[in-house]
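Asker:
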Amino acid sequence: MTTIAVLGAGKIGESLLTGLLKAGRAPADLLFTERFATRAAELTKTYGITHVDVATAVQRADVIVVAVKPQDIEPLLDEMAPNLPSGKLVVSLCAGLPTALFERRLPEGTAVVRVMPNTPMLVGEAMSAISGGSRASDADLELVEELLGSVGKVVRVPEGQQDAVTALSGSGPAYFFYLVEAMIDAGILLGIPRATAADLIVQSAVGAAAMLREGGGHPVMLREAVTSPAGTTIAGIRELEKHGVRAALIDAIEAARDRSVELGAAHQDRD
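This is the structure in structure tokens:
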């Protein structure tokens with residue numbers, strides 16, 4: 009069996025470990041690193057997975073999943089590089105960081121796959137986009153698809169699209185949460201108790217998402233089916249258009265894309 013090490017057992021790292029266990033991976037085939045001893049002990053007790061240091065993880069594992077924040081990547085690469093045998097597969101879940109950064113800093117022959125997941129990985133509904141670096145093979149990409157398929161859906165994209173993917177689906181859940189928050193506040197304004205408003209909106213969001221995924225209809229068609237002439241929905245949509253909500257969302261996603269580009273550029277000239 010392939011041994012997998014997750015470097016950084018935060019929410020995303022823990023979610024991946026949980027998904028791999030649910031998919032049938034044995035705890036003995038998984039390793040993780042974690043800076044805080046209390047949390048490491050808690051994860052080992054909960055899942056039966058061995059906590060190791062970075063040097064041990066990269067030496068023992070066949071696949072090394074890097075799940076740290078972008079600002080923490082430099083010291084981690086410094087720790088990985090002298091201990092990483094050639095021929096290993098490194099999977100980066102770090103927003104904005106290109107495969108070229110890892111290829112430049114890690115031993116010759118290291119295959120790298122870049123992944124942009126999102127937080128619904130916590131409930132097994134992630135949307136992950138993967139891109140292979142210059143040394144990654146189809147077999148490497150297929151293995152990553154298999155691993156990430158245990159926590160959601162996976163698509164392949166050219167690496168040049170990863171900054172846009174980061175803005176669209178990586179940050180996407182936050183936009184939905186923002187809209188749901190605003191709609192719950194509107195319900196309270198209209199006299200509905202918070203708990204009831206939350207139930208109404210969350211279930212509406214779940215149902216609408218299911219219609220989009222399972223029905224296969226275009227969002228415009230689905231929206232028009234709810235929008236009767238001179239009805240309540242069109243009155244609300246007129247206000248959304250009047251206040252430029254569509255344009256604001258597009259601007260927000262462009263801004264997120266630009267920030268992803270900045271994160272990668274910040275590491276471009278470092279050795």
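Using this note's numbering, the first residue of the sequence shown is number 9, and each one after it goes up by one.
The beta-carbon is built from N, C-alpha and C at its ideal position, and this holds for glycine as well.
Here the structure is a predicted model, which means the values were calculated and not measured.
In the structure shown, what three-state DSSP assignment does Thr331 receive?
Answerer: Examination of residue 331 is not possible in this model, given that the chain is present from 9 through 279 alone.
Asker: Can you grab the Cα-Cα spacing for the pair Pro115 / Gly252, in whole Å?
Answerer: Taking the straight line joining both Cα atoms gives about 50 Å.
Asker: Given 8 Å as the limit, is there contact between the segment 21-29 and the segment 155-162, that is, 3 or more CB pairs closer than that?
Answerer: At 8 Å Cβ cutoff, the stretches touch.
Asker: I'd like to know whether the C-beta atoms of Val120 and Leu101 end up nearer to each other than 7 Å.
Answerer: Taking 7 Å as the Cβ cut-off, Val120 and Leu101 do not qualify as a contacting pair.
Asker: Kindly give me the distance between the Cβ atoms of Pro125 and Ile12, rounded to whole angstroms, as I take these residues to be in contact under 8 Å.
Answerer: Their Cβ separation, rounded to whole angstroms, is 15 Å, which puts Pro125 and Ile12 out of contact at 8 Å.
Asker: Confirm, please, whether the CB-CB distance from Leu84 to Val338 is below 7 Å.
Answerer: The shown model of the chain, from 9 to 279, leaves out residue 338, and the question about it has no answer.
Asker: Compare the C-alpha of Ala103 against each of Leu97, Pro78, Phe110 and Thr127 and name the closest.
Answerer: Checked all of Leu97, Pro78, Phe110 and Thr127; the closest Cα to Ala103 is Pro78.
Asker: Relative to the alpha-carbon of Val99, which residue among Gly56, Gly141 and His226 has its alpha-carbon at the smallest distance?
Answerer: Ranking Gly56, Gly141 and His226 by Cα distance to Val99 puts Gly141 first.
Asker: Thr46 and Val62 look like a contact to me (Cβ under 8 Å); what is the Cβ gap, rounded to whole Å?
Answerer: Contact flag wrong, Cβ pair sits at about 19 Å.
Asker: Where does the unbroken beta strand (DSSP E) through Arg164 begin, and where does it stop?
Answerer: First-last of the beta strand (DSSP E) with Arg164: Gly160 to Arg164.
Asker: Kindly confirm or deny that the segment 163-180 and the segment 265-272 touch, where touching means at least three C-beta pairs closer than 8 Å.
Answerer: Short answer: they touch.
Asker: State yes or no: is the C-beta of Leu109 within less than 7 Å of the C-beta of His275?
Answerer: Yes, Cβ-Cβ distance for Leu109 and His275 is below 7 Å.
Asker: Could you please give the first and the last residue of the uninterrupted alpha helix (DSSP H) stretch that includes Ser23?
Answerer: Ser23 -> alpha helix (DSSP H) spans Lys19 to Lys30.
Asker: So Leu39 and Thr52 are supposed to be a Cβ contact under 8 Å. How far apart are they, rounded?
Answerer: Between Thr52 and Leu39 the Cβ distance is about 11 Å, and since that is not below 8 Å, they are no contact.
Asker: Determine, using beta carbons only, whether Gly56 and Pro35 come nearer to each other than 7 Å.
Answerer: Their beta carbons are under 7 Å apart, which means Gly56 touches Pro35 by this criterion.
Asker: Compare the C-alpha of Val163 against each of Glu22, Ala137 and Ser177 and name the closest.
Answerer: The shortest Cα separation from Val163 among Glu22, Ala137 and Ser177 belongs to Ala137.
Asker: Should Arg254 be labelled buried (16 or more other beta-carbon atoms within 10 Å of its own) or exposed?
Answerer: Exposed: under 16 other Cβ atoms inside 10 Å.
Asker: In chain order, which beta strand (DSSP E) runs of at least 3 residues are fully inside the segment 206-272?
Answerer: List check, beta strand (DSSP E) in window: nothing returned.
Asker: Thinking just about the alpha-carbon of each residue, which of Thr54, Ile209, Leu208 and Leu151 is nearest to the one in Lys96?
Answerer: Nearest of Thr54, Ile209, Leu208 and Leu151 to Lys96, Cα basis: Leu151.
Asker: Look at Leu105 and Gly272 and say whether their C-beta atoms are less than 7 Å apart.
Answerer: Yes, the Cβ-Cβ distance between Leu105 and Gly272 is below 7 Å.
Asker: By a C-beta neighbour count over all protein chains shown, 10 Å radius and 16 as the cutoff for buried, is Arg231 buried or exposed?
Answerer: That one is exposed.
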